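A.B. asks: What follows is a single structure, and I will ask about it in a moment.
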Amino acid sequence: MTPKKSPKMRAVEEQHNQALETLLPALINQDGFVETCGTLGISKAGLAYWLLKLGVKYQKIALAPNEYVQIRERRPT
């Protein structure tokens with residue numbers, strides 16, 4: 044079931060011509076969490092709420108030198 048989006052959420056989708064479910068991860072990965080808040084004109088708490096409401100997972104990790112992260116898409120079963 045698709046979550047109900049607020050007027051602000053729908054306005055951001057129209058402005059960027061992209062669904063928030065794909066827009067938010069792209070912006071956060073490209074610009075960072077705080078910069079994304081500035082770009083969208085919302086608070087950090089607001090962005091965190093949007094991510095929670097839309098089911099977008101956000102995790103911070105620390106890597107030692109010579110470590111890396113691999114992200115794989117989960118295949119439907």
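For the sequence shown, this note's numbering assigns the number 44 to the initial residue and increments by one for each residue that follows.
Note that beta-carbon positions come from the ideal geometry of N, C-alpha and C, so glycine has one too.
Being a predicted model, the structure only gives us computed values, none of them experimental.
Would you call the CB atoms of Glu64 and Val99 closer than 8 Å?
C.D. replies: Walking along the sequence shown from the start, residue 64 turns up at place 21. Walking along the sequence shown from the start, residue 99 turns up at place 56. Cβ distance < 8 Å, so Glu64 and Val99 count as in contact.
A.B. asks: For Tyr101, which residues in the same chain have their Cβ closer than 6 Å to its Cβ, ignoring the five residues on either side in sequence?
C.D. replies: Along the sequence shown, one-based indexing puts residue 101 at 58. Closer than 6 Å at the Cβ level, and outside the excluded window around Tyr101, lie Leu94.
A.B. asks: Mapping DSSP to helix, strand and coil, what is Tyr92?
C.D. replies: Within the sequence shown, residue 92 is the residue found at index 49, counting from 1. Tyr92: helix per DSSP, three-state reduction.
A.B. asks: Could you give the first and the last residue of the continuous alpha helix (DSSP H) run that contains Gln113?
C.D. replies: For the purposes of this step, residue 113 is taken as the residue at position 70 of the sequence shown. Run containing Gln113: none; DSSP gives neither H nor E here.
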